[in-house]
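Engineer: For reference, the structure I am asking about is given below.
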Amino acid sequence: MRMARNNILHEIQIALLVCCFGVIATSALALSPRTFVSGLGNDANSCATTAAPCRTLQRAHNETSAGGEVNVLDAASYGDVVITKAISIVNDSGGTALVQTGGTGIRINAGASDAMHLRGLTIVGLNTVGHGVYFDTGASVDIVNCMIRKVNDGVVLPSTSTTPRKFSIVNTTITDTARAIDLQPFGSGEVRGAIDGLIANKNGFGLHFGGTGLTVAAKFNVSVTRSVLSDNASSALHVFSSAGGNVPKVTVQDSTISGNETTGVNVNTAGEISLARTNVVGNAVGAQIVTGGTIFSMGDNNFALNNSDGVALTPFAPK
Amino acid sequence: MAIVYSYSFGFVFAIVAAFGISAAPAQALVNQAIVSSQGVDNATCGAPTAPCRTLQVAHNNVVAGGEVDIVNSGEFGPVFINKSISIVNDTAGDANVTQPTAGGTAIIINAGFSGIVHLRGLNLDGQNAAAFGVRVFSVGALDLINCVARRFTHSGITITPSVGSKILIDRTIASNNGIGVFVRPTDSLRVTINRSTMANNTTYGLYVDGALAPQVATVAVAVVDSAATGNQQGFHAVTAATHATTKLALNNVEASLNVFGVVAATGSQVSLAHSLVSDNSNSGARRVGGTIFSLGDNSFRLNAIDVSGGAMTPYSPK
Chain G
13 MRMARNNILH EIQIALLVCC FGVIATSALA LSPRTFVSGL GNDANSCATT AAPCRTLQRA
73 HNETSAGGEV NVLDAASYGD VVITKAISIV NDSGGTALVQ TGGTGIRINA GASDAMHLRG
133 LTIVGLNTVG HGVYFDTGAS VDIVNCMIRK VNDGVVLPST STTPRKFSIV NTTITDTARA
193 IDLQPFGSGE VRGAIDGLIA NKNGFGLHFG GTGLTVAAKF NVSVTRSVLS DNASSALHVF
253 SSAGGNVPKV TVQDSTISGN ETTGVNVNTA GEISLARTNV VGNAVGAQIV TGGTIFSMGD
313 NNFALNNSDG VALTPFAPK
Chain U
7 MAIVYSYSFG FVFAIVAAFG ISAAPAQALV NQAIVSSQGV DNATCGAPTA PCRTLQVAHN
67 NVVAGGEVDI VNSGEFGPVF INKSISIVND TAGDANVTQP TAGGTAIIIN AGFSGIVHLR
127 GLNLDGQNAA AFGVRVFSVG ALDLINCVAR RFTHSGITIT PSVGSKILID RTIASNNGIG
187 VFVRPTDSLR VTINRSTMAN NTTYGLYVDG ALAPQVATVA VAVVDSAATG NQQGFHAVTA
247 ATHATTKLAL NNVEASLNVF GVVAATGSQV SLAHSLVSDN SNSGARRVGG TIFSLGDNSF
307 RLNAIDVSGG AMTPYSPK
């Protein structure tokens, strides 16, 4: 009888332990839909409250559930981050949210249907090598109110994809890079992007878009509005592809392309650029076509103070 | 060139002493230093848990190419910059850099021909005593973003580099100075002025002068979505024979409430498009030996005289 009672107590003890251990195990695995980072934070914290913020973006990313958001609380340097899930990283004037890198600041290796949102971040290279935002895999990325400087490539779309990718770059400034935005997609996945309110200033190339690796059928369409692409050592906008290959199409409107040391806009071998209500001023050459490609104009662009305005543009009518 | 350098060096040396630049610190330099109005200056300050108190000490404590970030409102003091650096206020607060000394300078930049300097969110105040707000002696690349330079007796932003430079001025206000933005390089210079305001300065809103740069140099300034109002002259471009041609492209700007709105003086080339030139008490546009190219789509309203000193040269859109 005593033995049976001890067995029952023993079983109850085991049941309690399993119950408690189960609860503890669940808490250790639970991710939070919103996490926080602070210069006064600690990566041993849960990241899940403003009272327990983490210290690095990578730690906070890892503690955030898919589709969740990392919030920056104050100014600090938060380290490089590799993104492997749908996530937002947001700084809405908590202070400078600095990613200071000698490699890749933000690398996106997410799922083909994942959406990323990066807002209010400052990505600065320590030695002008590496990448700012490297969009390897994922469905879309929004880059809003960001500052990207002193890396080799500010925003890069480099790699092979058979699934569609989209991006938006809004109210962002990219300076002191070799290529502010370098899009050279490969494969068959279409690329479509909107650039609004970009300042690409003092880079080698401003926008560097190559269709050579993309299938002919895939769309490669980018719009550029209300942007200033100025004082770049090569071209503000350089579009290139292979003969008979994919034709990247870039639409520029209400923008200023100025002070560029080689060309304002340039097409090489294949590609289309259209210009409307845009200032092309103070460049070495305003518009240039090398070997093939087309530059369309709505006839209302301001070409002035260029050493040479460059090629004649192909007109298209407003509606 | 050598004479200019010697003068600058002697002047700079005096400023070094005045600003308290230390000799190379014994402590290792860090990549980033935080500055707070509750901070304490010392040779090791800068961590978020131990911020510095002044920009100068934070500047001294970071590596070349490092970053100084301000976390709250306060007075953070004048600073002498002698290396690549970023000094950033990205908060909702006021990061004040006040120079109360007569004839003084709030921020001196002598970063060298490869120097990359980035200033953001700073409020520079000369209190009608100091002479210069941001004074550029040498830099390779400079950003002034979301800054304010007011009440400096010579100029709010003084761009007089001795080496080739590229400068971005974005969302910046230069007001209530002698001159708002003063540009007179001795080498090639490209400047982009975007979404900025040069208002209520005593003489010029923007003054661009290529007369000290050699003829082969490029002196090119592009102004976009900006305004020069309430100055004696809103926009003024000038150079001298056998020196660099000054090119000033004005795109979607406002030149209003000045005595002279847009002035193209000796040897300069000014282009004017999509702009408003209004209510200038002498002339909207005036030529004094320079050329003004007009896209023909500008509004000239309420000026005493719309164009004086010779006609603008029309050109067509493309």
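One line per chain: the protein sequences are G and U, in this order.
Position 259 of the first sequence, counting from 1, maps to 271 under our numbering, and the rest follow consecutively.
Position 257 of the second sequence, counting from 1, maps to 263 under our numbering, and the rest follow consecutively.
Cβ atoms here follow ideal geometry from the backbone N, Cα and C, with glycine treated the same way.
1) Any contact of the segment 249 to 262 of chain G with the segment 179 to 193 of chain U, i.e. 3+ C-beta pairs under 8 Å?
2) Quick check on Asn309/U - is its C-beta less than 8 Å from some C-beta in chain G?
3) Quick check on DSSP: helix, strand or coil for Ala72/G?
4) Hey, how far is the Cα of Gly304/G from the Cα of Leu195/G?
5) Considering Val63/U, what are the terminal residues of the alpha helix (DSSP H) in which it resides?
6) Kindly indicate if chain G contains any beta-carbon less than 8 Å away from that of Pro54/U.
7) For the beta strand (DSSP E) that contains Thr117/G, what are its first and last residues?
8) Taking the beta strand (DSSP E) that Pro45/G belongs to, which residues open and close that run?
9) Assuming the contact rule is C-beta atoms closer than 8 Å, Asn257/U and Asn314/G should be a hit. Round their C-beta distance to whole Å, please.
10) Check the Cβ-Cβ distances between Val191/U and every residue of chain G, and say whether any is below 8 Å.
11) Looking at Cys58/U: is its Cβ nearer than 8 Å to the Cβ of Asp47/U?
12) Nearest-angstrom Cα distance between Asn139/G and Tyr90/G?
13) At a Cβ threshold of 8 Å, is Thr187/G touching chain U?
14) Using the rule of at least 16 other Cβ atoms within 10 Å of the residue's Cβ for burial, across every protein chain shown, is Gln105/U buried or exposed?
15) Would you mind working out which of Ala246/U, Ala219/U, Val268/U sits nearest Gly240/U, comparing C-alpha positions?
16) In this structure, how does DSSP classify Gly273/U when only helix, strand and coil are distinguished?
17) Check each residue of the segment 67 to 93 of chain G: if its Cβ is closer than 8 Å to any Cβ of chain U, include it; give the result in chain order.
18) Using the Cα positions of Ser287/U and Asn264/U, report the straight-line distance between them to the nearest angstrom.
19) Ignore the nearest five residues each way along the sequence and tell me which others in Gly257/G's own chain have a CB closer than 7 Å to its CB.
20) Hey, does Lys331/G have any beta-carbon neighbour from chain U nearer than 8 Å?
21) Tell me whether Asn57/G sits in a helix, a strand or coil according to DSSP, three-state version.
22) At which residues does the beta strand (DSSP E) containing Glu202/G begin and terminate?
23) Taking all protein chains shown into account, do 16 or more other C-beta atoms lie within 10 angstroms of the C-beta of Ala147/U, making it buried, or fewer, making it exposed?
24) Could you tell me whether the Cβ of Gly71/U comes closer than 8 Å to any Cβ of chain G?
25) Chain G beta carbons: is any one of them nearer than 8 Å to that of Asn129/U?
26) Comparing the C-beta of Val63/U with each C-beta of chain G, is any distance below 8 Å?
27) Under a three-way DSSP split, which group does Lys89/U fall into?
28) Checking the sheet assignment: what are the DSSP bridge partners for Asp176/U?
29) Tell me the residue span of the beta strand (DSSP E) that contains Arg307/U.
30) For Gly34/G, which three-state DSSP category applies?
31) With 16 other CB atoms within 10 Å as the buried threshold, where does Gly62/U fall?
32) Check the Cβ of Ala321/U against every Cβ in chain G and list those closer than 7 Å, keeping chain order.
33) Does Asp208/G have its Cβ less than 8 Å from a Cβ in chain U?
34) Would you check if there are 3 or more beta carbon pairs closer than 8 Å linking the segment 138 to 154 of chain G to the segment 99 to 113 of chain U?
35) Look at the Cβ atom of Ile101/G, then the Cβ atom of Gly80/G, and state whether they are nearer than 8 Å.
36) Determine the direct distance from the alpha carbon of Met128/G to that of Thr38/G, and round the result to whole angstroms.
Structural biologist: This is what the structure holds:
1) no
2) no
3) helix
4) 19 Å
5) 61 to 67
6) yes
7) Checking the displayed sequence, the identity of residue 117/G turns out to be Gly instead of Thr. Per DSSP, Gly117/G belongs to the beta strand (DSSP E) from 116 to 121.
8) 44 to 49
9) 6 Å
10) The residue you asked about is not Val; residue 191/U is Pro in the sequence shown. Closer than 8 Å: no.
11) yes
12) 17 Å
13) yes
14) buried
15) Val268/U
16) coil
17) Asp86, Ala87, Ala88, Ser89
18) 6 Å
19) Gly223, Thr224, Val228, Ala282
20) no
21) coil
22) Counting along the chain, Glu202/G falls outside any beta strand (DSSP E), and DSSP gives it neither H nor E.
23) buried
24) yes
25) no
26) no
27) coil
28) Ile151/U, Asn200/U
29) 305 to 307
30) Caution applies to Gly34/G, whose pLDDT of 44 falls short of 50 and renders its modelled position unreliable; the model cannot decide the point.
31) Going by the sequence as given, residue 62/U is Gln instead of Gly. It counts as buried.
32) Note that residue 321/U corresponds to Tyr in the displayed sequence, not to Ala. Simply Ala316.
33) no
34) no
35) no
36) The pLDDT assigned to Thr38/G is 42, lower than 50, so where the model puts this residue is not dependable, and the model offers no usable value.
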